[in-house]
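Engineer: Please find one structure pasted underneath; my questions will follow.
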Amino acid sequence: MTLRFLTAGESHGPQLTVIIDGVPAGLPLTAEQLAVDLARRQGGYGRGGRMKIERDAARIVSGVRGARTLGSPITLEVQNRDWENWQAVMRVEAEGVKRKPITRVRPGHADLAGMLKYGLDDARDVLERASARETAARVAAGGVAKQLLAQFEISVRSYTRAIGGVEAALPRTIRWAAVERSPVRCPDDDASRAMVAAIDGARAAGDTLGGVFTVIAEGVPPGLGSYRQWDTRLDGLLAQAIVSIPACKAVSLGNGAEAPGLPGSREHDTPVYRRGRGFTHPTNRAGGLEGGISNGEAIVVHGMMKPIATLRRPLDSVDVKTRRAVRAHYERSDVCVVPAAGVIGEAMVALTLASVLLDKFGGDSMRELSRNLSAYKRALPR
Ligand SMILES: Cc1cc2nc3c(=O)[nH]c(=O)nc-3n(C[C@H](O)[C@H](O)[C@H](O)COP(=O)(O)O)c2cc1C
């Protein structure tokens, strides 16, 4: 992998940190560019109280000089404003650290499995890192990947396809401005309203909702990823990137989820040759992926989110200390996060595509990467 990133930080610690290694020198980059997606991740109807506290922004602390990358590792920091309220609980030092162990583990969370795995007796020590707060760091890193892809006119965008039982009726062409105007990031106005009502209903009932987001990457050249080995396949890399998002339980590439019910005659995209444009596919059921390689069509990835596991009316559980049946611990929580998960999905897809782009075209500088990509594109049949 040419492009790698590692995140660190607890949900209520002072900050999240991400180091991105492998970004070529000469990419224009500012903190303002990264702030846009961080703000989009915080939004979406159905979020809880935490997002009212945070005002996420990334501070660039290495790898950039004069608004251009240096080719060295890029370090980004995202402050947790909520840390102010958690300093005693999250103290690094032993003296004065406030402990009130959480033992009534929450179903659908890492609480119990994490306590067993790490030999811990307080679910706080698990949930601080297992929390989806970590995805703010991914979105900051994804902003860098998006900047890189944008230099080559590759865009990565997302919308909400379903929330609870409400499905969007999708227009032939997505109106992206309408998506960003919708409180649930859905391109269908009627479905948007029904989704908001469904979230209100779930909130009133002390319940939660899941749904489906779709990420679309356009302008991706054919030939990224490889069938050479299982772990070089772009379909597999995208699937892992998407399912690594907390609460994302399934992924569908193109119409992959519907494909098992279709006859072969209605599933596959037949290629054609168009003079001046080269080889293309009039349909795109494969979601731009064949044999683990991008085929030049838009890459389409759907992420299926389970309903949020923390309910205001807590689920049945067990107290790991007393071993008695109890109601699960409740900690301030979102009701639905599908709109935000779409933004995280964009980040994960952008990081994956930037990585396979760099794997194929290399380049220590943006100029070199651009030269290599242009030469490849020029050599494609037209
Ligand atoms: C943006 C985002 C916000 C989330 N917020 C919450 C939340 O407030 N409460 C909650 O119980 N789960 C929330 N989750 C989901 C949990 O993080 C996730 O279900 C949990 O860590 C267990 O992981 P798993 O569902 O992937 O197995 C959120 C997920 C995302 C993507």
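Under my numbering, the residue at position 139 of the sequence shown is numbered 164, and the numbers go up by one with no gaps. Virtual Cβ for every residue (Gly too), placed ideally from N, Cα, C.
1) Go ahead and pull the three-state DSSP assignment for M115.
2) Within the continuous beta strand (DSSP E) that includes I45, where are the two ends?
3) What are the start and end residues of the beta strand (DSSP E) that includes E243?
4) Just to confirm the assignment, what range does the alpha helix (DSSP H) spanning F386 have?
5) Taking 7 angstroms as the cut-off, is the C-beta of T160 nearer than that to any heavy atom in ligand 1?
6) Can you give me the C-alpha to C-alpha distance between G289 and L234, rounded to a whole angstrom?
7) Can you tell me which residues form a DSSP beta bridge with G328?
8) Would a C-beta distance cut-off of 8 angstroms place I333 and V360 closer than the cut-off?
9) Three or more beta-carbon pairs under 8 angstroms between the stretch 362-370 and the stretch 158-171, yes or no?
10) What is the DSSP secondary structure of I99, reduced to helix, strand or coil?
11) Got a sec, what are the start and stop residues for the alpha helix (DSSP H) D215 sits in?
12) If you draw a straight line from the C-alpha of A264 to the C-alpha of H354, how long is it?
13) Mind reading off the beta-carbon distance from S217 to S36? Whole number of angstroms is fine, and I expect it under 8 angstroms.
14) When the Cα of G313 is compared with those of E192, D344, S277, which residue comes out closest?
15) Between G133 and ligand 1, is the CB less than 7 angstroms from at least one heavy atom?
16) In terms of residue numbering, what span does the beta strand (DSSP E) encompassing T27 cover?
17) What three-state label does DSSP hand V297 in the structure shown?
18) Please report the residue range of the beta strand (DSSP E) in which V86 lies.
19) With a threshold of 16 other CB atoms inside 10 Å of the CB of D214, please say whether the residue is buried or exposed.
20) Going by DSSP, which residues form a beta bridge with F304?
21) Determine the burial state of P49: buried for a count of at least 16 other Cβ atoms within 10 Å of its Cβ, exposed for fewer.
22) Which residues in the same chain have their Cβ closer than 6 angstroms to the Cβ of G167, if we skip the five residues on either side of it in sequence?
23) Report the rounded CA-to-CA distance for L63 versus V268, giving the unit in angstroms.
24) Between which two residues does the beta strand (DSSP E) carrying S342 extend?
Structural biologist: The short version:
1) By 1-based counting over the sequence shown, the position of residue 115 is 90. The answer is coil: DSSP assigns M115 none of H, G, I, E or B.
2) Looking up residue 45 in the sequence shown gives position 20. First-last of the beta strand (DSSP E) with I45: 40-46.
3) If you number the sequence shown from 1, residue 243 lands on position 218. Segment 236-243, the beta strand (DSSP E) holding E243.
4) Translated into the one-based positions of the sequence shown, residue 386 becomes position 361. From DSSP, the alpha helix (DSSP H) with F386 extends over 363-386.
5) Within the sequence shown, the letter at position 135 stands for residue 160. Yes, since a heavy atom of ligand 1 falls inside the 7 angstroms radius drawn around the Cβ of T160.
6) Start at 1 with the first residue of the sequence shown, and residue 289 comes out as number 264. Start at 1 with the first residue of the sequence shown, and residue 234 comes out as number 209. Approximately 34 angstroms between the Cα atoms of the pair.
7) Locating residue 328 in the sequence shown gives position 303, counting from the first residue. Paired residues: F238, V276.
8) Working through the sequence shown from its first residue, we reach residue 333 at position 308. Working through the sequence shown from its first residue, we reach residue 360 at position 335. Contact: yes.
9) yes
10) Working through the sequence shown from its first residue, we reach residue 99 at position 74. It is a strand residue.
11) Within the sequence shown, residue 215 is the residue found at index 190, counting from 1. D215 -> alpha helix (DSSP H) spans 214-229.
12) By one-based count along the sequence shown, residue 264 stands at place 239. By one-based count along the sequence shown, residue 354 stands at place 329. The alpha-carbon atoms of A264 and H354 are separated by roughly 32 angstroms.
13) Indexing the sequence shown from 1 puts residue 217 at position 192. Indexing the sequence shown from 1 puts residue 36 at position 11. Not quite, the Cβ-Cβ distance comes to about 30 angstroms (not below 8 angstroms), so this is no contact.
14) Your numbering for residue 313 matches position 288 in the sequence shown. Among E192, D344, S277, the Cα nearest to that of G313 belongs to S277.
15) The residue labelled residue 133 in the question sits at position 108 within the sequence shown. Checking every heavy atom of ligand 1 against the Cβ of G133, one is found closer than 7 angstroms.
16) Numbered from 1 along the sequence shown, position 2 holds the residue referred to as residue 27. That residue, T27, is in no beta strand (DSSP E); it is neither H nor E in DSSP.
17) Along the sequence shown, one-based indexing puts residue 297 at 272. Of the three classes helix, strand and coil, the one that applies to V297 here is strand, per DSSP.
18) Here residue 86 corresponds to residue number 61 of the sequence shown, with the count starting at 1. Here the beta strand (DSSP E) through V86 covers 83-87.
19) If you number the sequence shown from 1, residue 214 lands on position 189. When all chains shown are included, D214 counts as exposed.
20) The residue you call residue 304 lines up with position 279 of the sequence shown. Note: F304 sits in a beta bridge opposite Y298.
21) Here residue 49 refers to the residue found at position 24 of the sequence shown. Buried, since its Cβ has 16 or more Cβ neighbours within 10 Å.
22) Within the sequence shown, numbered from 1, the residue matching residue 167 stands at position 142. Here the set comprises A372, A375, L376.
23) Here residue 63 is taken as the residue at index 38 of the sequence shown, counted from 1. Here residue 268 is taken as the residue at index 243 of the sequence shown, counted from 1. Looking at the two C-alpha atoms, the distance is approximately 20 angstroms.
24) One-based indexing of the sequence shown puts residue 342 at position 317. First-last of the beta strand (DSSP E) with S342: 341-343.
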